[in-house]
Every structure is written in C-alpha cells, then in structure tokens.
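Visitor:
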C-alpha cells in the first residue's frame with residue numbers, strides 16, 4: 001500500500017513538472033513575439049482543443065498536447081484538425097493552455113515557434129509514456145461539433161452574435177426563457193430589409209431587462225388571410241427554435257400582435273450573393289472562409305437529422321464580411337433517423353436549379369440533396385453572386401444533368417474548389433458525400449491558403 005501511494009505521488013510530481021515545463025515553453029513563445037503589436041494572456045482550461053487559428057479579426061492559438069507512440073510528430077501535424085479525443089490522455093486534460101493572440105497573426109515559421117511547442121509536447125508525451133498510467137480514456141464531447149478555427153473564443157468584433165459558449169446573446173439569464181416576445185419590448189424601425197410572398201422583413205430593436213439588441217423581424221402581411229402562409233411561418237419558427245449553432249440564424253421568438261411576427265437575430269450585411277455582387281474584390285481566402293462556415297452549419301443540421309431544402313447563397317446572411325449564417329428554414333424538415341430522407345407529397349414552388357436529381361424525379365430530400373445544393377452555393381460564391389444555369393429553364397437543367405454535364409467552373413475559381421463542387425454534384429445519392437466529408441475538405445483547403 002505504501003509503495004502504491006509513493007508511486008502515485010511520484011507520478012503526480014512528474015505531471016506537475018511537465019505542466020510547468022509547458023508553461024515556460026509557451027512563455028518563451030510570447031517573448032519571441034514581443035515585437036508584435038498584440039496583447040497576450042495565458043489561460044489554463046479543462047477543455048481539449050486542436051492547435052488552430054482563425055483568419056478573422058482575432059486569432060486563437062491553441063496547443064493540443066497529444067499522447068502518441070510516435071516521436072516524430074511535428075508542428076504541421078499538431079495543426080491538423082479532427083484529431084480524435086481518444087488520442088488524448090485524460091490525465092493531461094487540465095494541462096491545455098490557450099494563448100490568445102490579437103492582430104496581426106504571428107507567422108507560423110517564426111524562429112522558435114515550432115521547436116518550443118514541439119519540445120513542450122514531446123517532453124510531456126515522453127514523461128506520460130514512462131508513467132504508464134492506467135485508466136479509461138475521456139469520452140467527454142466538446143459542444144455539438146468538432147472544434148475548428150471559428151469555434152474558439154473570439155472577440156465581439158469577430159463574432160458579434162455569439163458569446164464564448166455560443167449561447168444566444170438575446171437570452172437574458174435573469175429571465176425565464178420563452179418562445180414568445182412581448183410586443184412592448186419590440187420596436188420596429190423604418191425601412192425594409194427584404195420582402196417576399198409572406199410579407200416583409202424589417203429591422204427592429206428588442207429591449208430586454210438589461211440591454212437592447214438589433215433584430216430582424218419577419219412580418220406576415222396584414223391583408224393575407226391565407227392560413228397556409230401563417231402555418232408556414234409557424235413551421236419555420238418551430239424548426240429554428242430547435243437549432244443552436246453559431247452558423248445558423250437564431251430564432252428569438254414569436255410576437256403575436258397586430259401581425260404575426262418572427263423575431264430573429266440580425267445579420268446586417270445581408271445575403272451572400274448580393275454582398276459578393278457588390279464586392280468583387282473579395283479574396284478567394286475570404287470566400288472559402290464563408291463557405292466553410294456554411295458547411296459547418298450544414299454539418300450540424302446533418303448531425304441533428306434536419307434537411308434544409310432551400311440552401312442557396314440568397315439564404316446565407318452575413319453578420320460581418322468574415323461571419324456567415326444560414327437562414328430561411330421555411331422548407332426545412334426533420335427526418336427520422338432510421339429513414340434519412342423526407343419525401344414530399346408533390347411538386348411545389350421549388351428552387352429547381354439548386355435541387356438534386358432525386359428531388360425532382362422522386363421528391364426525396366435528404367442531407368445528401370442538401371450537399372448538392374451546397375455545391376451550387378459554392379459555385380454562386382466563387383462566381384461572385386452570379387445566377388446558376390443562367391438563361392436555362394428547369395427542364396433544360398434536368399436534361400443537362402441527366403446527360404452527365406455540369407456547370408463550368410467560375411472564372412479564376414481554384415481547381416480544388418471546383419473539384420469539390422463536382423463531387424457535391426455526384427448523380428447517385430448513395431455515392432455522394434455527406435457534410436461530414438465535405439466540411440473537412442473545405443477546412444483543409446482553407447488552412448492551406450491561410451498559411
């Protein structure tokens with residue numbers, strides 16, 4: 001018994017020594033970068049995360065200490081995403097340090113960066129290997145998606161609509177959460193943000209107990225007595241209230257007053273296609289960043305068995321030039337986990353040019369059909385908001401697809417991105433990848449061009 005206690009005390013001492021070693025190695029990194037006009041802090045956390053960074057306004061440098069049998073793991077491998085939590089020894093879960101970095105981004109090839117991180121990681125791995133500690137590996141998940149360069153702690157400038165834990169900033173924790181909004185707390189401003197068959201979208205102010213937030217308010221037409229339009233709005237609200245992801249427009253609540261109103265968070269820059277039409281100098285890196293965010297939102301929907309059915313650049317709204325959110329869930333459906341698809345009863349007013357062949361031919365919708373639509377969205381984005389299949393009617397589009405032809409790549413579109421588009425346009429649904437495959441490919445390409 002005494003020997004066992006001594007063994008664990010010795011093990012604990014070595015782990016603490018490793019922790020101090022990592023701390024001082026990271027402190028050396030900060031000293032190496034002291035010439036940059038940035039602010040720094042080192043914060044211990046009990047979450048596991050990949051070493052990755054964002055190209056948005058504020059970058060988070062996160063160091064992941066991985067237990068591995070190899071000794072040649074270099075910095076580039078530490079940067080790779082999607083490392084499984086099963087690769088992390090649970091005993092090091094409290095020894096992750098987050099280095100928050102302000103603008104500008106320190107270069108990855110700065111002298112001492114790779115070696116300092118590598119020495120710290122190698123030292124800890126080596127000492128943990130000598131300890132041969134037994135125990136079950138951590139099964140704890142982090143949030144609802146894998147960590148990625150956008151899902152780190154960001155400044156309000158970069159992620160204005162999300163708190164550190166991605167909870168809607170419109171929810172006052174001092175109040176009971178409700179799916180309804182009091183009309184007395186909602187103030188509409190002059191001017192429309194948009195309009196459609198249902199009515200109009202206006203900007204408003206939602207006044208809460210301690211603060212007030214700008215919102216978008218979808219208002220049902222006053223003279224519209226068609227119950228189907230009202231049902232569609234309520235169905236959209238019901239879907240949106242079930243979703244909670246940084247890359248999906250959040251539903252705040254329903255307001256029943258002079259009109260039925262859907263109150264949603266505001267994305268001031270508007271639809272992606274219109275933004276790109278007006279900003280043709282937007283870089284490939286920026287466009288890739290935005291479509292990657294859309295893929296992360298769609299991956300979330302796929303994981304939660306929701307089919308969007310209307311994914312297009314017009315339904316992606318920009319909070320900032322570097323922050324996109326998926327909107328318009330009027331056609332969305334929840335699908336049974338064992339079925340994986342939704343079958344419509346008949347043809348409606350569908351955006352045929354964004355639909356997969358099985359949607360048109362068999363009325364079958366799934367996450368795989370959303371992937372097809374995502375390929376069209378990518379084409380729109382890299383063509384700076386052009387309309388797909390311009391000048392063609394729906395029947396012409398179907399004949400073209402059935403013949404095996406696809407849209408030509410947009411001008412100056414990277415080959416890697418057009419290859420991904422054509423992969424999304426795989427004719428047979430069973431051979432088409434899901435967002436679990438599409439999102440990592442976009443992430444990898446974004447990392448390549450960002451570095």
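In this note's numbering, the protein residues as written are 1 to 451. All C-beta atoms, glycine included, are put in the ideal place defined by N, C-alpha and C. Being a predicted model, the structure only gives us computed values, none of them experimental.
#1: Put residue 407 into one of helix, strand or coil per three-state DSSP.
#2: If you run the structure through DSSP and keep just helix, strand and coil, what is residue 256?
#3: From 181, 200 and 201, pick the residue whose C-alpha is nearest to that of residue 207; which is it?
#4: Should residue 449 and residue 285 be called a contact, given that it needs their Cβ atoms to be closer than 9 angstroms?
#5: Just tell me which of 268, 214, 392 and 243 has its CA closest to the CA of residue 354.
#6: If we require 3 or more residues per run, which beta strand (DSSP E) segments fall completely within the region 238-288?
#7: Can you grab the Cα-Cα spacing for the pair residue 205 / residue 186, in whole Å?
#8: Roughly how many angstroms lie between the CA atoms of residue 318 and residue 233, to the nearest whole one?
#9: If you run the structure through DSSP and keep just helix, strand and coil, what is residue 323?
#10: Might you give, ordered along the chain, the residues of its own chain that have their beta carbon closer than 8 angstroms to the beta carbon of residue 442, omitting 5 neighbours on each side?
#11: Taking DSSP as the reference, what is the three-state secondary structure of residue 385?
#12: Based on Cα-Cα distance, which residue from 316, 382, 377 and 331 lies nearest to residue 249?
#13: Whose C-beta lies closer than 7 angstroms to the C-beta of residue 413 among residues of the same chain, with five residues either side of it excluded?
#14: Check whether the region 269-280 and the region 397-416 touch, using three or more Cβ-Cβ pairs below 8 angstroms as the test.
#15: CB-CB under 7 angstroms to residue 379, same chain, minus the five flanking residues each way: which ones, in chain order?
#16: Apart from the five residues on each side of it in sequence, which residues of its chain come closer than 6 angstroms, Cβ to Cβ, to residue 297?
#17: Put residue 420 into one of helix, strand or coil per three-state DSSP.
#18: Per DSSP, what kind of secondary structure is residue 436 in: helix, strand or coil?
#19: Find out if the Cβ-Cβ distance for the pair residue 310, residue 357 is shorter than 9 angstroms.
#20: Taking the alpha-carbon positions, what's the residue 258 to residue 193 distance?
#21: Given this structure, state the Cα-to-Cα distance separating residue 415 from residue 370, to the nearest angstrom.
#22: Do you know how far the Cα of residue 400 is from the Cα of residue 439?
#23: Check whether the Cβ atoms of residue 376 and residue 436 lie closer than 9 angstroms to each other.
#24: Checking the sheet assignment: what are the DSSP bridge partners for residue 316?
#25: Going straight from the alpha carbon of residue 302 to that of residue 367, what length do you get?
#26: Starting from residue 357 and walking both ways along the alpha helix (DSSP H), at which residues does that stretch end?
#27: Using a 10 Å radius around the Cβ and a threshold of 16 neighbouring Cβ atoms, would you call residue 362 buried or exposed?
Guide: Reading from the atomic positions:
#1: Coil at residue 407, not helix or strand.
#2: strand
#3: Residue 207 has its Cα closest to that of 181, out of 181, 200 and 201.
#4: yes
#5: 392
#6: 251-256 and 260-265
#7: C-alpha separation (whole angstroms): 6 angstroms.
#8: 22 angstroms
#9: strand
#10: 288, 291, 292, 295 and 420
#11: coil
#12: 316
#13: 382
#14: no
#15: 388, 407, 410 and 421
#16: 245, 247, 248 and 326
#17: helix
#18: helix
#19: no
#20: 19 angstroms
#21: A straight-line Cα-Cα distance of about 22 angstroms links residue 415 and residue 370.
#22: Put simply, the backbone Cα of residue 439 is about 27 angstroms away from that of residue 400.
#23: no
#24: 326
#25: Here the alpha carbons of residue 367 and residue 302 stand approximately 6 angstroms from one another.
#26: 357-362
#27: exposed
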